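As structure tokens, then:
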């Protein structure tokens with residue numbers, strides 16, 4: 002049987018289903034092209050459509066089924082319906098739907114615009130889908146959050162260690178240093194002028210050296226993310242009694 006649309010407001014979705022059902026009916030019944038319109042025109046049961054068809058059936062039948070559907074769209078769908086459908090597509094996103102279901106929904110909605118200037122091309126559909134699915138947003142959100150977390154961690158560690166080293170220098174005794182550097186470890190000989198013990202700058206573990214390089218730490222004062230090097234360090238060595246090896 003041909004598809005039936007009961008009386009009521011016609012929408013792009015109803016006419017799309019009617020058109021597809023009619024094509025299936027024509028194929029199954031092997032309806033000749035010149036008889037296609039007359040076979041299904043009565044299935045659009047709206048009174049206004051039926052009156053229009055009865056008054057013009059000779060011309061409408063002769064124009065063919067595609068022209069018949071185009072005339073129904075132009076006369077009984079709301080003005081600007083093509084633009085509204087296009088905006089629905091462009092404002093859609095995956096949301097909680099499975100990605101395959103959402104892609105099928107986008108493509109089937111775009112099929113309503115087939116042959117119209119508002120129809121989205123395959124390239125336009127691909128760009129919209131790739132920029133509005135959850136995987137895209139989740140990946141970018143995760144990357145942004147990871148970058149922010151790393152920057153925040155660096156800032157906090159730098160502030161804490163700078164405060165610790167500043168306190169160490171403030172409490173350390175006055176010392177006159179005599180330089181004596183040897184081997185991969187920086188051994189500093191010194192003569193204290195007050196009671197206290199100097200820190201011997203010896204970074205002997207490969208893991209500790211790697212941490213110093215990774216976090217831009219001065220080999221002398223062990224300040225994190227600094228711009229100076231040990232050769233021009235303005236801070237001096239930290240107190241051995243307060244120093245905690247890097248791990």
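Numbering (the numbering used here), first residue to last: 2 to 248. Virtual Cβ for every residue (Gly too), placed ideally from N, Cα, C. Since this is a predicted model, take the numbers as computed values, not measurements.
Asked	Found
Beta-carbon spacing of residue 13, residue 41 below 7 angstroms	no
Option in 90, 232 and 237 with minimal Cα separation from residue 222	237
Status (buried if at least 16 other CB within 10 Å, exposed otherwise) for residue 23	buried
7 angstroms Cβ cutoff met for residue 56 and residue 86	no
In DSSP terms, what residue 45 is bridged to	6
Residue burial classification, residue 88 (beta-carbon count within 10 angstroms, cutoff 16)	exposed
For residue 37 and residue 27, believed in contact at Cβ under 8 angstroms, the rounded distance	6 angstroms
Cβ pair count under 8 angstroms reaching 3, the segment 71-84 against the segment 43-50	yes
Cβ-based burial, residue 107 [other Cβ within 10 Å; buried from 16]	buried
Contacting residues, own chain, Cβ-Cβ under 8 angstroms from residue 84 (five flanking each side not counted)	119
As assigned by DSSP and simplified to three states, the class of residue 220	coil
Cβ-Cβ distance between residue 110 and residue 90 below 7 angstroms	yes
Check whether residue 44 and residue 5 have beta carbons under 7 angstroms apart	yes
CA-to-CA distance, residue 235 to residue 194, given in whole angstroms	In this predicted model, residue 194 has a pLDDT of only 41, less than 50, meaning its place in the structure is not dependable enough to derive any value.
Bounding residues of the alpha helix (DSSP H) (the contiguous stretch that carries residue 249)	The first residue shown for the chain is 2 and the last is 248, placing residue 249 beyond what the model contains.
Range of the contiguous alpha helix (DSSP H) that encloses residue 131	123-133
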